[in-house]
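Let me begin by presenting the structure, written as structure tokens, before commenting on it.
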Amino acid sequence: MSRPEPGKVYLIGAGPGDPGLLTLKGRDYLSRSQVVVYDHLVNKAILRHAPRNAELIYAGKKAGHATLEQSEINALLISRAKEGKIVSRLKGGDPFIFGRGGEEAQALQQQGIPFAVAPGVSSVIAVSAYAGIPLTHRTLSSSISIITGSAEKSHDDIFIDWENMARRTGTLVFLMGARRLPVIVEKLLEFGKNPKTPVAIVRKGSTGKQKTWTGTLDTIVEIAMRDQIAPPALTIIGEVVRMKPEMDWYETLPLFGKTIVVTRPEHQAAGLIDLLQEKGADAINFPVIQTVAPEDWTPLDAALGRLSTYQGLIFTSVNGVDFFMQRLKETRRDLRDLKGVRIYAIGPKTEQAIRDLGLRVDVRPEQFVAESLIQSMSQETLKGKRFLLPRASVAREILPEQIRDAGGEIDVVPAYQTIAPDAFFKTELNQSLENGEIDAVTFTSSSTVTNFMELVEPANRARLSQVALACIGPITADTLKQYGFEASVVPKDYTVEALAEGIESFFNSAKPPDAS
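So the sequence shown is numbered by the UniProt record's numbering: it starts at 1 and just counts up by one.
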């Protein structure tokens, strides 16, 4: 049997922590992968850009201990590629800035393995920017020196021309130097660096756990020892550090430092995540439900075959719109089949999804619940009229019941169903709860509450009393109450925008009077 043609390896820079800093090319490469080998500093949210069936291999290094040695990583990339697979090597920051990407590229080239590189946003650039420190400034610094602060295993010292480094007037940036900070400071002072030179240490930069310490060369070691500053940390030395108070934009955002779980399905979560991240939160998508096609299309297909018999079409969610239209096209029909049918929508997002198709919404209630739609519909005669409601397989029955009570007919057909997520999400979620890393959880439907509670292990249930629980509306809040929890946030408008604003208001009101 002949060997398969070799696959390909992508060396991808994942950026320093904020998943939004992954490049478009990196995301594109990742989406093609069959195998992903990732490091400790890679934000796991980035792994969701890989195909669901991709093999995920952790090859991280934490606290000086490597899961795989570099030679083993090289061999792994080569062996998987020789199996004909597309492999992504996902590395924190940029692969070629102290990331050993060059060594991996050499190993691949020597074995005749095709590879490509997607450069990443280096922590040098991103972390300093998120800390509010410009590495160059016209009046303060016109050069940057990027230096490793980590020594190889076989060496006690860092091989740097300290005398030349100490004489430089620009900005010095040390990567991976938290543990060797005393040595770095000692050498710079020994060769004449001004003891009053400003220094900043930024830990876990560009994430919601970012923290910055500032001092000078003669004080920073004492500060680091007092606060036990541990990796990952970036050290910036130079006059530009003085600019931080004027340019501190990230750490002053209203939700900075808060980790908020978004339980919406992945394809719907982006809007809420963006809103929370703009406010400084570390927003993590743990989709507790997946939206998929119904087990059987037959009821919906039958309804589509008799569209002309309906006087009204009711949509209660964007999912209902999307799956209905998908099936309409798959059964070789189009929007012309909706001629003469009045369209009803609950919620502005649902209405917008319908309008985006070029259709008019005839009725949208002021409040975004079924009861409000019934009130709006009661202004017209329902008796003798026939309605179609494509929705989730499991949903509240109040709307169909009240239409029937008013003398109308309604066909309720499943257009989609929600199912539990992969085990990967459950493990991550429970580990985060156990570690006390979550400040708030958002729920945008009753099904997200139900599925979330099913995913939470019994030992972690009690920890939810220390977490802010935010519900998009009263129906969702009532479902949460059934599990013994009161919602901390329920906005007046049932939208993700209002939900994000409500979360901000909640945490602002929870701050002590002297909090900044």
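C-beta atoms are modelled at their ideal positions from N, C-alpha and C, and glycine is treated no differently. Here the structure is a predicted model, which means the values were calculated and not measured.
Proximity winner among the options, relative to residue i (alpha-carbon distances)
| i | options | result |
| --- | --- | --- |
| ILE133 | PRO299, GLU351, VAL240 | VAL240 |
| THR331 | ALA303, ALA487, VAL489 | ALA303 |
| ARG226 | ASN451, GLY215, GLN311 | GLY215 |
| THR448 | ASP478, GLU437, GLU501 | ASP478 |
| LEU140 | ALA75, GLY192, GLY238 | GLY238 |
| ASN74 | HIS49, ARG100, ILE86 | ARG100 |
| GLN210 | GLN482, GLY26, GLU457, TRP249 | TRP249 |
| THR418 | PRO365, SER432, ARG391 | ARG391 |
| GLY407 | LYS426, LEU389, LYS244, GLU380 | GLU380 |
| residue 520 | PRO458, GLU69, SER488, THR212 | Residue 520 lies beyond the stretch modelled for the chain, which goes from 1 to 516, so this question has no answer here. |
| LEU388 | ASP356, ALA281, GLU246, ARG306 | ARG306 |
| VAL173 | LEU464, PHE98, LEU108 | PHE98 |
| THR450 | ASN164, ASP334, LEU480 | LEU480 |
| ILE287 | TRP297, VAL261, THR298, ASP493 | Reading the sequence as shown, one finds Pro at residue 287 and not Ile. Nearest option by C-alpha distance: VAL261. |
| LEU272 | LEU22, LYS8, GLU497, LEU11 | GLU497 |
| TRP162 | GLY347, VAL183, LEU188 | LEU188 |
| TYR58 | LEU47, ARG242, VAL37 | VAL37 |
| PRO19 | SER71, ASP282, GLU351 | ASP282 |
| residue 517 | SER446, ARG336, LEU433, PRO474 | The structure shown has nothing for residue 517, since the chain only spans 1 to 516. |
Bridge-paired residues (DSSP) for residue i
| i | result |
| --- | --- |
| GLU409 | ARG386 |
| THR148 | LEU175 |
| PHE315 | ALA345 |
| LEU11 | ARG89, VAL117 |
| ARG167 | DSSP, once it has assigned bridges, lists no residue as partnering ARG167. |
| THR216 | PRO198 |
| PRO414 | ARG391 |
| ASN285 | VAL262 |
| residue 594 | This structure gives no information on residue 594, because the portion of the chain shown stretches from 1 to 516. |
C-alpha gap between residue i and residue j, whole angstroms
| i | j | result |
| --- | --- | --- |
| SER154 | GLU186 | Note that SER154 scores 46 on pLDDT, short of 50, meaning its location in the model is unreliable and no value can be drawn from it. |
| GLU409 | LYS385 | 6 Å |
| ASN435 | ARG180 | 28 Å |
| SER516 | GLU251 | With a pLDDT of 41 at SER516, under the threshold of 50, the predicted position of this residue should be treated as unreliable, though the coordinate-derived value follows. Each residue's Cα considered, the two are about 11 Å apart. |
| PHE485 | GLU278 | 28 Å |
| GLN290 | ASN319 | 11 Å |
| ASN460 | LYS204 | 26 Å |
| residue 521 | VAL321 | Since the first and last residues shown for the chain are 1 and 516, residue 521 lies out of range. |
| THR476 | ARG52 | 29 Å |
| SER122 | ALA233 | 13 Å |
| GLY26 | GLY13 | 7 Å |
| LYS127 | ARG89 | The sequence as given places Val at residue 127; Lys does not occur at that position. If you take the alpha carbons of VAL127 and ARG89, they lie about 22 Å apart. |
| THR169 | LYS193 | 9 Å |
| ILE146 | VAL199 | 15 Å |
| GLN109 | ALA118 | 17 Å |
| GLY257 | VAL441 | 15 Å |
| THR148 | GLU5 | 38 Å |
| TYR29 | VAL35 | 11 Å |
| ALA293 | GLU83 | 34 Å |
| GLU246 | ALA131 | 11 Å |
| ILE472 | PRO491 | 6 Å |
| GLN466 | ASN285 | 20 Å |
| GLU366 | LEU373 | 8 Å |
| ALA468 | ILE503 | 8 Å |
| ASP176 | SER150 | The sequence shown places Met at residue 176, not Asp. Going from the Cα of MET176 to the Cα of SER150 covers about 6 Å. |
| LEU217 | VAL456 | 47 Å |
| THR427 | TYR483 | 21 Å |
| PRO231 | GLY347 | 46 Å |
| GLN115 | VAL9 | Looking at the sequence shown, residue 115 is not Gln but Phe. Computed Cα separation, rounded: 5 Å. |
| SER317 | THR23 | 32 Å |
| MET1 | ILE46 | Legend: pLDDT at MET1 = 49, less than 50; position of this residue unreliable, value from coordinates given subsequently. MET1 and ILE46: Cα-Cα distance of roughly 37 Å. |
| GLU397 | ASP301 | 22 Å |
| ARG327 | GLU401 | 26 Å |
Cut-off 6 Å between Cβ atoms - residues of its own chain near residue i, not counting five sequence neighbours on either side
| i | result |
| --- | --- |
| GLY17 | ASN43, SER206, THR207 |
| GLY60 | ASP39, HIS40, THR67 |
| LEU275 | ALA500 |
| THR171 | LEU135, SER141, ILE144, GLY238, VAL240 |
| ALA510 | none |
| ARG264 | THR444 |
| ILE220 | VAL199 |
Residue i Cβ short of 7 Å to the ligand ADP heavy atom set
| i | result |
| --- | --- |
| PRO390 | Although the ligand ADP was asked about, the structure shown includes no ligands whatsoever. |
Residues near residue i by beta carbon distance below 7 Å, same chain, minus five either side
| i | result |
| --- | --- |
| GLY102 | PHE96 |
| TYR310 | VAL341, ARG386, PHE387, LEU388 |
| GLN111 | ILE78 |
Contacting residues, own chain, Cβ-Cβ under 8 Å from residue i (five flanking each side not counted)
| i | result |
| --- | --- |
| ARG355 | VAL361 |
| SER31 | HIS49, ALA50, PRO51 |
| THR495 | GLY347, PRO348, LYS349, PHE368, ILE472 |
| SER488 | ALA440, ALA468, LEU469, ALA470, PHE506 |
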